[in-house]
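Protein chains in written order, with our numbering: chain A, 1 to 297; chain B, 1001 to 1297. Even for Gly, the Cβ is constructed at its ideal location relative to N, Cα and C. Have a look at the structure below, then the notes.
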């Protein structure tokens, strides 16, 4: 039986509806959630991502502004802007679009953001709080994956989840979230990666497989057991002369063949990416609410 | 063939010799490593632990002082002391002995310690840096386990390590360290815990099993494959009328039977605990060296 498709759009729409409601309620009490986006250089992908994020924000009533620097800008200038945004009461979330040009120390920039405005959840103190099981901003992709599983009624407690990939923005935080002792956690988690000799020997045992390897088609049907849940985090461009853009997007999963074996699978595009985008706004609203609480509102 | 015993004393002695050399070299350049220990209440185990830590410190030439508060001390008083120790240039490491009395917010106290003096590696920003693969203070037990494996010539790269337990001080940080993309890492890691239905089905597949469950004898011979490496992090008191103290210490591993099947095993006592203690001093010396570098020494 072919897998059911777990649509990112459906989950994202539901999250965005909740976010919009919360924005309304905050706005009525005098607090309009506000996201500041910082971009350095003219990488076309970054330009497009930022445009998309601001459009999403506008759609739910979140205000945003964009600060752009030329490619050759120095570390100090970016830091000075972040310091100013940290101080500005009306700014609730700060997002620095990555990657930054190679002459800029990305780690230092991320640590410069005030943790309570770190809506990407990339600041080490927020990463640490997440690992320790404390309340904090969760990074958008792993958080989005948890939302999708919950939306689909997939219980992770006591199930074996195999995560393929150990990036700082997906694999590592996702593994840490899944094994927490709380609702939405309690999974037995295995992390595989480029140094794993036989990834299939692990994924074949999984109730749930999450692939965030960044390589197209790495998860094939022979690597999945009948009835598994498959979450595809990859977004890869492959040449496609038949497309007007000359390329199309595919995931890390060999979708056609795996979909014949899995019970539930996320598509690419239209899967995890859409929910990831929604979680950024979720975090921004959370930042605004916390700021309001701190001011005693 | 019975397992080889991986002695914690041997590894700890070697680490302490290195630490003592480094203390000497720092002292000659005018910087004597200094550890401040904070203790609240009179829990006998805490008293004993602190005594042991200070004795270890003295043995390698590290100065230490102990600050004790009565059980009923409030949050603010402990915070005030930590603030003062944070400011004192001559204090390189600050250790707050856990657990604290229930009326004190442990998380807040740990976050109060200046990250550059957090020699336990418990501050969320240091936990986050560790997870992200940055240089930082590593928590003593998982760091000690990596040292033991290296000392014994056990390569973890590409091996399957199963960690039983997901505590904030052992299981979680160890799993995160083992999967990092660097020397001493690159293992495929599975984390099992109380919500895992059949822990044996995972440990039987492991090249290396680390048990940090806090329950005596949870790892039995039928849960281990022939030739596995077994690291026992547990320290449990069991009644023993034949002992002068009325109890003896045992690990989480059913030692006798597992030792007949494993290739290498750590004993309890005399295993991971000794190396854990050494790593605290390693971190203290590192803190002193970094402080000296910051002052341009």
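To which residues of the same chain is residue i closer than 6 Å at the C-beta, ignoring the five residues directly before and after it?
i, result
"residue 136 of chain A", "126, 129 and 130"
"residue 218 of chain A", "252"
"residue 86 of chain A", "114"
"residue 1212 of chain B", "1165, 1170, 1171 and 1233"
"residue 236 of chain A", "216 and 250"
"residue 1190 of chain B", "1162 and 1202"
What does residue i touch in chain A if you count any residue whose Cβ is under 8 Å from its own?
i, result
"residue 1220 of chain B", "Correct list: empty, because the minimum Cβ distance to chain A is about 19 Å."
"residue 1196 of chain B", "158 and 188"
According to DSSP, residue i sits in a beta bridge with which residue or residues?
i, result
"residue 1118 of chain B", "B:1094"
"residue 69 of chain A", "A:40"
"residue 219 of chain A", "A:253"
"residue 64 of chain A", "A:35"
"residue 1248 of chain B", "B:1238"
"residue 192 of chain A", "A:164"
"residue 1208 of chain B", "B:1161 and B:1229"
"residue 1004 of chain B", "B:1264"
Identify the contact partners of residue i in chain B, using a Cβ-Cβ distance below 7 Å as the criterion.
i, result
"residue 192 of chain A", "1188"
"residue 202 of chain A", "1188"
"residue 107 of chain A", "1134"
"residue 125 of chain A", "1124, 1125 and 1128"
Compute the Euclidean distance between the alpha carbons of residue i and residue j, then round it to the nearest angstrom.
i, j, result
"residue 28 of chain A", "residue 63 of chain A", "15 Å"
"residue 162 of chain A", "residue 226 of chain A", "15 Å"
"residue 147 of chain A", "residue 16 of chain A", "12 Å"
"residue 141 of chain A", "residue 26 of chain A", "25 Å"
"residue 1100 of chain B", "residue 42 of chain A", "52 Å"
"residue 1018 of chain B", "residue 1277 of chain B", "14 Å"
"residue 284 of chain A", "residue 50 of chain A", "15 Å"
"residue 6 of chain A", "residue 274 of chain A", "12 Å"
"residue 1288 of chain B", "residue 1084 of chain B", "17 Å"
"residue 1134 of chain B", "residue 1119 of chain B", "16 Å"
"residue 1206 of chain B", "residue 1156 of chain B", "11 Å"
"residue 1070 of chain B", "residue 1077 of chain B", "11 Å"
"residue 66 of chain A", "residue 23 of chain A", "20 Å"
"residue 112 of chain A", "residue 79 of chain A", "7 Å"
"residue 1073 of chain B", "residue 1082 of chain B", "14 Å"
"residue 256 of chain A", "residue 1181 of chain B", "32 Å"
"residue 103 of chain A", "residue 1089 of chain B", "33 Å"
"residue 1030 of chain B", "residue 1055 of chain B", "22 Å"
Please report the Cβ distance between residue i and residue j, rounded to the nearest whole angstrom; I am assuming they are in contact, meaning their Cβ atoms lie under 8 Å.
i, j, result
"residue 308 of chain A", "residue 117 of chain A", "Because chain A is modelled from 1 through 297, residue 308 of chain A falls outside the range shown and cannot be assessed."
"residue 1186 of chain B", "residue 1144 of chain B", "Wrong, their Cβ atoms sit about 19 Å apart, outside the cutoff."
"residue 123 of chain A", "residue 110 of chain A", "6 Å"
"residue 262 of chain A", "residue 228 of chain A", "5 Å"
"residue 196 of chain A", "residue 1188 of chain B", "4 Å"
"residue 178 of chain A", "residue 1168 of chain B", "The Cβ separation is near 16 Å, so there is no contact."
"residue 57 of chain A", "residue 290 of chain A", "Their Cβ separation, rounded to whole angstroms, is 18 Å, which puts residue 57 of chain A and residue 290 of chain A out of contact at 8 Å."
"residue 1012 of chain B", "residue 1264 of chain B", "That pair is no contact at about 17 Å."
"residue 1035 of chain B", "residue 1093 of chain B", "4 Å"
"residue 238 of chain A", "residue 245 of chain A", "Their Cβ separation, rounded to whole angstroms, is 11 Å, which puts residue 238 of chain A and residue 245 of chain A out of contact at 8 Å."
Taking residue i as the query, report the chain A residues whose CB atoms sit under 9 Å from its CB, ordered along the chain.
i, result
"residue 1299 of chain B", "Nothing can be reported for residue 1299 of chain B: it is not among the residues displayed for chain B, which extend from 1001 to 1297."
"residue 1210 of chain B", "Correct list: empty, because the minimum Cβ distance to chain A is about 14 Å."
"residue 1117 of chain B", "Within 9 Å Cβ-Cβ: nothing; residue 1117 of chain B doesn't reach chain A, min ~16 Å."
"residue 1176 of chain B", "131, 172, 175 and 176"
Cutting at 7 Å between CB atoms, please list the residues of its own chain near residue i, excluding the five before and the five after it.
i, result
"residue 1243 of chain B", "none"
"residue 1150 of chain B", "1184"
"residue 1046 of chain B", "1039 and 1097"
Leaving out five residues on either side along the sequence, give the residues of the same chain with a beta carbon under 8 Å from the beta carbon of residue i.
i, result
"residue 1199 of chain B", "1164, 1192, 1218 and 1223"
"residue 214 of chain A", "165, 167, 234, 236 and 252"
"residue 1272 of chain B", "1008, 1141, 1144, 1145, 1148, 1231, 1232, 1233 and 1266"
"residue 962 of chain B", "Residue 962 of chain B falls outside the range modelled here, since chain B spans only 1001 to 1297, and no answer is possible."
Residues of chain B with CB closer than 9 Å to the CB of residue i, please, in chain order.
i, result
"residue 181 of chain A", "1166, 1193, 1194 and 1195"
Using the beta-carbon of each residue, which ones in chain A are nearer than 7 Å to residue i?
i, result
"residue 1154 of chain B", "Ordered by position in chain A, no residue passes the 7 Å Cβ test against residue 1154 of chain B, which lies about 15 Å from the chain."
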